[in-house]
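Participant:
Residue numbers (the working numbering): 429 to 728.
(1) Output yes or no for whether 9 Å exceeds the beta carbon distance between residue 572 and residue 620.
(2) Of the choices 520, 537, 539, whose alpha-carbon is the least far from that of residue 530?
(3) I want to know whether the segment 568 to 584 touches the segment 595 to 612 - three or more CB-CB distances under 8 Å.
(4) My output table needs one value for residue 451: the three-state DSSP class, helix, strand or coil.
(5) Please report the Cβ distance between residue 464 and residue 496, rounded to the nearest whole angstrom; I am assuming they are in contact, meaning their Cβ atoms lie under 8 Å.
(6) Leaving out five residues before and five after residue 489 in sequence, what residues of the same chain have Cβ atoms less than 8 Å from its Cβ?
(7) Give the DSSP-derived three-state secondary structure of residue 487 in the structure shown.
(8) Any chance the segment 649 to 661 sits against the segment 614 to 633, with 3 or more Cβ pairs inside 8 Å?
(9) Excluding five sequence neighbours on each side, which residues of the same chain lie with their C-beta closer than 6 Å to the C-beta of residue 632?
(10) Using the C-alpha atoms, what's the distance from residue 659 back to residue 688?
(11) With DSSP as the reference, label residue 472 as helix, strand or coil.
(12) Hey, how far is the Cα of residue 617 from the Cα of residue 486?
(13) Return no unless some Cβ of chain B is closer than 9 Å to the Cβ of residue 465.
(14) Just list the residues that DSSP pairs residue 517 with in beta bridges.
(15) Indicate whether the contact test is met: 3 or more Cβ pairs, each with one atom in the segment 578 to 588 and one in the segment 557 to 566, closer than 8 Å.
(16) How big is the Cα-Cα spacing for residue 641 and residue 446?
(17) Need the endpoints of the alpha helix (DSSP H) that residue 648 sits in, please.
(18) Residue 494 by DSSP, collapsed to three states: which one?
(19) Check each candidate in 442, 462, 698, 518 and name the one with the smallest Cα separation from residue 581.
(20) If you run the structure through DSSP and keep just helix, strand and coil, what is residue 588?
(21) Once the 5 residues before and after residue 539 are set aside, which same chain residues still bring their CB inside 8 Å of it?
(22) Between which two residues does the beta strand (DSSP E) holding residue 600 run?
(23) Pull the bridge partners of residue 553 from the DSSP assignment, please.
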């Protein structure tokens, strides 16, 4: 969910699946399901629920494999990190008057690692984690047959990527994306790390004290969905407001935009204001008198 007002993207959880390790499944006598299989199941559900919408799924290299790429729905593209030693092929060329089944892949192409050493780089400007940067790139299309079979992919080799000592490669099934679009879309995945950080620190996602199976299945998803609801509420509540309330910490005096902690504090403050106002009834309610109490209740 993008906040255009200050150029911020939030990852809002809408679907969850419980993953059990293979050893635990054997102990319980249950069939084991990999994380990639669970991810594919959720992608299929989203695609079926919104058949007229186009989706771009973004993941790390653990999800760039055949379990996710091969069954991708028609209205879903995927973007993630590839492998520098990927075995790539050209599109197959059908030969006339040749007996047997048509070829499924063309000639073998150079790997990303070989291209990084021998091919020419082009300088490209992109917004990386909120900053304008110049990187060197190579863009080319190929078949990564072991992952996507005959589905063509666009690969982006990146050099001089801030924070990366080695060359890297990104891969997407959306052949219309430019180099800058691929980089900026992949960098937006960082908001997912922030989601886990805030749900653990503020909403009890980490180490819940549960023992029964149903409690385990409910507590973690509830924390994730509360995160989505808080951000969605704040997006609606902040419309039309020129100034947004947020706390400036001593160690971050250059802070210019609210974080999730500020959003949660705003929700608490508004909730307590409504409750106190309702309790006051017809009596006079002076918010200024209760402002210190509201501040403590909001920020904890």
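Idealized CB from N, CA, C, for every residue including glycine.
Keep in mind it's a predicted model, so treat the numbers as computed, not measured.
Facilitator: Taking the geometry as given:
(1) Their beta carbons are not under 9 Å apart, which means residue 572 does not touch residue 620 by this criterion.
(2) It is 520 whose Cα lies nearest to the Cα of residue 530.
(3) Contact holds: three or more Cβ-Cβ distances are below 8 Å.
(4) Three-state DSSP puts residue 451 in a helix.
(5) The Cβ separation is near 5 Å, so the contact holds.
(6) If we look at residue 489 and ignore the five residues flanking it on each side, its Cβ neighbours are 508, 509, 510, 511.
(7) Residue state, collapsed to three classes: strand.
(8) Yes, since at least three Cβ pairs between the segment 649 to 661 and the segment 614 to 633 fall closer than 8 Å, the two stretches touch.
(9) Sequence-distant Cβ neighbours of residue 632 in its own chain, meaning closer than 6 Å and more than five residues away, are 651.
(10) Cα-Cα distance, rounded: 7 Å.
(11) Look at residue 472 here: in three-state DSSP terms it is helix.
(12) Going by the C-alpha atoms only, they are around 7 Å apart.
(13) The displayed structure is made up of one protein chain only, and chain B is not part of it.
(14) For residue 517, which the question treats as bridged, DSSP gives the partners 536, 571.
(15) By the C-beta criterion, the segment 578 to 588 is judged to be in contact with the segment 557 to 566, since at least 3 inter-stretch pairs fall below 8 Å.
(16) Roughly 11 Å separates the two Cα atoms.
(17) 641 to 665 is the extent of the alpha helix (DSSP H) around residue 648.
(18) Residue 494 falls in the helix class under three-state DSSP.
(19) 518 is the residue among 442, 462, 698, 518 whose C-alpha sits nearest the C-alpha of residue 581.
(20) Coil.
(21) Result list for residue 539: 512, 513, 514, 515, 516, in chain order.
(22) Looking at the DSSP string, the run of the beta strand (DSSP E) that includes residue 600 is 596 to 600.
(23) DSSP lists 562 as partners of residue 553.
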